[in-house]
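Undergrad: Below you'll find the structure I mean.
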Amino acid sequence: MRGGSRRRLELHRRTVVTSRWLGEVLAQQSVVVLVAGPLVDLYEQNRVTGSLILIDQASGVTVGAGMIRG
Numbered sequence: 200m201r202g203g204s205r206r207r208l209e210l211h212r213r214t215v216v217t218s219r220w221l222g223e224v225l226a227q228q229s230v231v232v233l234v235a236g237p238l239v240d241l242y243e244q245n246r247v248t249g250s251l252i253l254i255d256q257a258s259g260v261t262v263g264a265g266m267i268r269g
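Heads up, the sequence shown is in my numbering, so the first residue is 200 and it goes up one at a time.
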């Protein structure tokens, strides 16, 4: 991450993090996610697993959406 300390979130350990900590990580503008297998598909191949929505946990409001493009 640019200008900051490297932090590691190990999802396989079901680590719970605060939204403040996650916000600090995302504010660095660079997040690397390593997974053991395919996580998503291209939107052109599968509209269900090739798209995403972001929902604010506190309010339930949709705050973003995206499509996976290759």
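Positions of the beta carbon are idealized from the N, C-alpha and C atoms, including for glycine.
Nothing here was measured: the structure is a model prediction, and the numbers come from that model.
1. Using CA atoms only, rank isn't needed, just tell me which of LEU238, PRO237, TYR242, VAL234 is closest to GLY269.
2. Excluding the 5 residues preceding and the 5 following GLY265 in the sequence, name in chain order all residues of the same chain whose CB lies nearer than 6 Å to its CB.
3. Roughly how many angstroms separate the alpha carbons of LEU233 and ASP240, rounded to a whole number?
4. Could you name the residues that DSSP lists as bridge partners for ILE267?
TA: Straight from the coordinates:
1. Position 70 of the sequence shown, counted from the first residue, corresponds to residue 269. Closest by alpha carbon: TYR242.
2. As a working note, residue 265 is residue 66 in the sequence shown. Correct list, in chain order: LEU251.
3. For the purposes of this step, residue 233 is identified with residue 34 of the sequence shown, where counting begins at 1. For the purposes of this step, residue 240 is identified with residue 41 of the sequence shown, where counting begins at 1. Distance between the alpha carbons of LEU233 and ASP240: 16 Å.
4. Taking the sequence shown and counting its residues from 1, the one referred to as residue 267 is at position 68. DSSP, once it has assigned bridges, lists no residue as partnering ILE267.
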